[in-house]
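Structure first, commentary second.
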Amino acid sequence: MRFCAFFGVRFTPMEFKEINTGDCKEFNEAMELYTDAFPASERHSVSVISQRVTDGLSKMYVASSNSEIVFLALLWPLKTTEFILLDYMATKATHRGKGIASAFLTELRERLGNTNSYLIMEVENSKFGDDRKEKEKRITFYKRQGAKELEGIRYLLPPLNGTIPTEMILMIFPEYRSEEISGAVVKNVIVRLYRELYDRREDDALLGTFIHDIGDRIKLV
471 MRFCAFFGVR
481 FTPMEFKEIN
491 TGDCKEFNEA
501 MELYTDAFPA
511 SERHSVSVIS
521 QRVTDGLSKM
531 YVASSNSEIV
541 FLALLWPLKT
551 TEFILLDYMA
561 TKATHRGKGI
571 ASAFLTELRE
581 RLGNTNSYLI
591 MEVENSKFGD
601 DRKEKEKRIT
611 FYKRQGAKEL
621 EGIRYLLPPL
631 NGTIPTEMIL
641 MIFPEYRSEE
651 ISGAVVKNVI
661 VRLYRELYDR
671 REDDALLGTF
681 IHDIGDRIKL
691 V
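Mind the numbering: the sequence shown is residues 471 to 691 in this note's numbering, read in order.
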């Protein structure tokens with residue numbers, strides 16, 4: 471039987487839990503937060519998330535306050551790489567600014583360090599679209615936590631609803647082992663993202679619009 475297992479680390483006053491099935495109350499409540507926090511163009515269906523969590527492909531963590539889910543994070547380890555995608559992370563609007571996401575990233579930093587792994591993050595590019603100040607605040611938040619941006623890398627998030635891709639940047643957390651990263655590594659990570667998360671082949675037309683522009687060495691800023 472699948473069950474909702476404790477994450478095993480307590481913060482004050484938050485406790486993070488790992489959810490490993492789509493058939494429990496916490497999962498359903500987390501999906502309400504998920505659908506409220508992300509636009510349809512950036513959301514997989516709830517059924518897809520449920521299947522990925524149940525199959526162990528995606529790792530879901532939540533935190534609650536007064537028996538209400540107020541935080542959600544979904545992680546996806548990319549095969550044959552040292553990178554884990556921070557697929558989604560959201561805090562309920564009424565609980566933002568209370569350090570919940572920071573606390574989660576602090577714990578994650580230690581765990582990543584113990585396994586020599588890094589988060590790769592798809593973050594909306596503040597130079598495009600609406601709500602540019604909010605996008606810039608999000609980038610600043612990640613950098614304050616120690617994340618680095620892959621300088622000059624254009625990344626297009628395939629549309630999950632509709633036909634228009636979303637302009638993104640890529641970030642790495644925590645600090646990488648050097649101030650640069652190999653372009654070949656970046657290309658491999660992007661191909662993996664497209665294949666594993668979005669079911670797109672290496673010869674995908676959207677992927678081809680930007681991946682060939684990636685140089686040999688990428689600065690982390």
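For glycine and all other residues, C-beta sits at the position ideal for the given N, C-alpha and C.
Quick caveat, the model's predicted, so the values are computed rather than measured.
Span separating the alpha-carbon of residue i from that of residue j
i, j, result
"D674", "M641", "23 Å"
"L542", "M484", "12 Å"
"T561", "L545", "15 Å"
"R647", "R522", "30 Å"
"F481", "F598", "Any reading at F481 needs caution, since the residue's pLDDT is 41, under 50, leaving its predicted position unreliable; the model's value is listed next. About 36 Å."
"S520", "R581", "24 Å"
"F680", "S537", "45 Å"
Close beta carbons around residue i, own chain, < 6 Å, minus the five adjacent residues each side
i, result
"G632", "S511"
"E619", "I639, M641, V691"
"C474", "Confidence in C474 is poor, its pLDDT being 41 and thus under 50, which makes the residue's placement too unreliable to answer from."
Residue i - partner residues in DSSP beta bridges
i, result
"K618", "I642"
"A533", "F486, F541"
"F553", "Y588"
"A560", "L542"
Reference residue i, options the options, closest by Cα
i, options, result
"I623", "I651, G583, L555", "I651"
"Y531", "K613, L626, N498", "N498"
"L527", "T505, S535, L667", "L667"
"V540", "A573, T505, A500", "A500"
"T636", "R513, F486, E502, T564", "R513"
"H682", "K689, V656, D669, R670", "V656"
"R579", "T551, Y612, Y625", "Y612"
"K689", "A617, I489, L630, L626", "A617"
Contacts around residue i, its chain only, beta-carbon distance under 8 Å, and the 5 residues preceding and following it disregarded
i, result
"I696", "Any answer about residue 696 is impossible in this case: the structure gives the chain only from 471 up to 691."
"I634", "S511"
"R670", "P628, Y664, L676, L677"
"H565", "S535, V540, F541"
Beta carbon proximity, residue i to chain D, threshold 7 Å
i, result
"A507", "Considering every chain present, this structure includes no chain D. It has just one protein chain."
Nonlocal neighbours in the same chain, by C-beta distance under 7 Å from residue i, ignoring five residues either side
i, result
"G567", "none"
"G569", "none"
"T585", "none"
"S515", "none"
Beta-carbon separation (whole angstroms), residue i vs residue j, contact threshold 8 Å
i, j, result
"E594", "K605", "5 Å"
"G653", "D601", "Contact doesn't hold; Cβ gap of about 31 Å is too wide."
Heavy atom of the ligand GTP within 6 Å of residue i beta-carbon
i, result
"V532", "The ligand GTP is not part of the structure shown, which contains no ligands of any sort."
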